[in-house]
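The structure appears right after this line, and notes come after that.
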Amino acid sequence: MEGTNHVIVRDAVVIDEGGGYFMRGTRVDIGAFSIVVIEVMHPNYGYFSDYMIWVNSLHVEKWKSIPIFRGSEEFTLEEFLSKHPEFKPLFGKRDPAEVVFGN
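Sequential numbering from 27 applies to the sequence shown in our numbering.
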(Lines of atoms letter the chains of each structure in order from A and count residues from 1; the text may use other names and numbers.)
(Lines give C-alpha, C1' and ligand atoms only; values in the text may rest on other atoms or scores of the structure.)
Protein backbone atom coordinates (compact mmCIF):
# COMPACT_ATOMS: atom_id res chain seq x y z
CA MET A 1 0.00 0.00 0.00
CA GLU A 2 2.23 2.68 -1.27
CA GLY A 3 1.67 6.27 -0.20
CA THR A 4 -0.25 5.70 3.02
CA ASN A 5 1.20 7.31 6.11
CA HIS A 6 0.79 4.93 9.03
CA VAL A 7 2.33 7.31 11.60
CA ILE A 8 0.36 10.34 12.83
CA VAL A 9 1.71 12.60 15.58
CA ARG A 10 -1.02 14.64 17.29
CA ASP A 11 -0.54 18.06 18.89
CA ALA A 12 0.87 17.93 22.42
CA VAL A 13 -1.09 19.13 25.45
CA VAL A 14 0.92 20.93 28.16
CA ILE A 15 -0.44 21.48 31.68
CA ASP A 16 1.04 23.97 34.15
CA GLU A 17 0.85 22.18 37.50
CA GLY A 18 2.21 25.21 39.39
CA GLY A 19 5.46 25.60 41.29
CA GLY A 20 7.51 25.11 38.14
CA TYR A 21 6.02 21.67 37.41
CA PHE A 22 4.54 20.91 34.00
CA MET A 23 3.05 17.81 32.39
CA ARG A 24 3.03 17.14 28.65
CA GLY A 25 0.95 14.57 26.81
CA THR A 26 1.59 13.59 23.19
CA ARG A 27 -0.36 11.08 21.11
CA VAL A 28 1.09 9.07 18.27
CA ASP A 29 -1.03 6.76 16.12
CA ILE A 30 1.08 4.03 14.52
CA GLY A 31 -0.83 1.64 12.30
CA ALA A 32 -3.63 0.14 14.39
CA PHE A 33 -2.03 1.31 17.66
CA SER A 34 -2.42 4.56 19.59
CA ILE A 35 0.21 5.56 22.15
CA VAL A 36 -0.07 8.50 24.54
CA VAL A 37 3.19 9.50 26.22
CA ILE A 38 2.95 11.52 29.44
CA GLU A 39 6.05 13.41 30.54
CA VAL A 40 6.71 15.62 33.55
CA MET A 41 9.00 18.62 33.98
CA HIS A 42 10.51 19.13 37.43
CA PRO A 43 11.63 22.71 38.19
CA ASN A 44 15.13 21.50 39.11
CA TYR A 45 15.59 19.69 35.77
CA GLY A 46 14.22 22.11 33.20
CA TYR A 47 13.29 19.44 30.66
CA PHE A 48 10.45 16.96 30.17
CA SER A 49 11.24 13.48 31.48
CA ASP A 50 9.54 10.07 31.35
CA TYR A 51 6.42 9.55 33.47
CA MET A 52 3.97 7.07 31.93
CA ILE A 53 2.62 5.60 28.69
CA TRP A 54 -0.90 4.68 27.60
CA VAL A 55 -1.54 2.14 24.82
CA ASN A 56 -4.64 1.21 22.84
CA SER A 57 -5.50 -0.35 19.50
CA LEU A 58 -8.48 -0.43 17.20
CA HIS A 59 -9.59 -3.82 18.57
CA VAL A 60 -9.26 -3.02 22.28
CA GLU A 61 -11.92 -1.10 24.21
CA LYS A 62 -9.84 0.12 27.18
CA TRP A 63 -6.57 2.02 27.33
CA LYS A 64 -3.75 0.25 29.22
CA SER A 65 -1.43 2.33 31.40
CA ILE A 66 2.26 1.55 31.74
CA PRO A 67 3.74 3.32 34.78
CA ILE A 68 7.37 4.35 34.30
CA PHE A 69 8.27 6.72 37.14
CA ARG A 70 7.20 6.86 40.80
CA GLY A 71 3.80 8.44 41.20
CA SER A 72 2.61 7.08 37.86
CA GLU A 73 0.66 4.24 39.38
CA GLU A 74 -1.55 2.01 37.27
CA PHE A 75 -4.48 4.37 36.87
CA THR A 76 -7.65 3.53 35.04
CA LEU A 77 -8.22 6.05 32.29
CA GLU A 78 -11.14 7.52 34.25
CA GLU A 79 -8.95 8.04 37.34
CA PHE A 80 -6.17 9.62 35.32
CA LEU A 81 -8.50 11.98 33.43
CA SER A 82 -10.28 13.00 36.65
CA LYS A 83 -6.89 14.27 37.90
CA HIS A 84 -5.82 15.70 34.52
CA PRO A 85 -8.94 16.48 32.42
CA GLU A 86 -6.87 18.62 30.04
CA PHE A 87 -5.50 15.40 28.52
CA LYS A 88 -8.95 14.10 27.53
CA PRO A 89 -8.58 15.11 23.83
CA LEU A 90 -5.58 12.76 23.53
CA PHE A 91 -7.72 9.71 24.23
CA GLY A 92 -10.37 10.04 21.52
CA LYS A 93 -11.55 7.03 19.54
CA ARG A 94 -9.94 6.58 16.13
CA ASP A 95 -11.71 6.24 12.82
CA PRO A 96 -10.78 2.82 11.36
CA ALA A 97 -10.84 4.37 7.88
CA GLU A 98 -7.83 6.44 8.92
CA VAL A 99 -5.87 3.21 9.37
CA VAL A 100 -7.12 1.59 6.17
CA PHE A 101 -6.78 4.59 3.85
CA GLY A 102 -4.17 6.72 5.65
CA ASN A 103 -4.63 10.35 6.62
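Glycine included, each C-beta is placed from N, C-alpha and C at the ideal position. Treat the numbers as computed from the prediction; the structure is a model and nothing was measured.
| Check | Outcome |
| --- | --- |
| Inter-stretch contact (C-beta, 8 Å, three-pair minimum) for the segment 90-102 and the segment 110-122 | no |
| Classification of I64 by the beta-carbon crowding that lies within 10 angstroms, buried from 16 upward | buried |
| Residue range of the unbroken alpha helix (DSSP H) whose run includes S98 | Run containing S98: none; DSSP gives neither H nor E here. |
| D42 Cβ short of 6 Å to the ligand ATP heavy atom set | Ligands are entirely absent from the displayed structure, and the ligand ATP is therefore not among its contents. |
| Residue of H68, R53, F117, H32 minimising C-alpha distance to D42 | H68 |
| Opposing strand residues paired with F48 [DSSP bridges] | D42, M67 |
| Pairwise C-alpha distance: T102 and Y57 | First, the residue type needs correcting, since residue 57 is Gly and not Tyr in the sequence shown. Answer to the nearest angstrom: the Cα atoms are 24 Å apart. |
| Per-residue DSSP class, three states only, for K90 | strand |
| Buried or exposed by the 16-neighbour rule on C-beta atoms within 10 Å, applied to D55 | buried |
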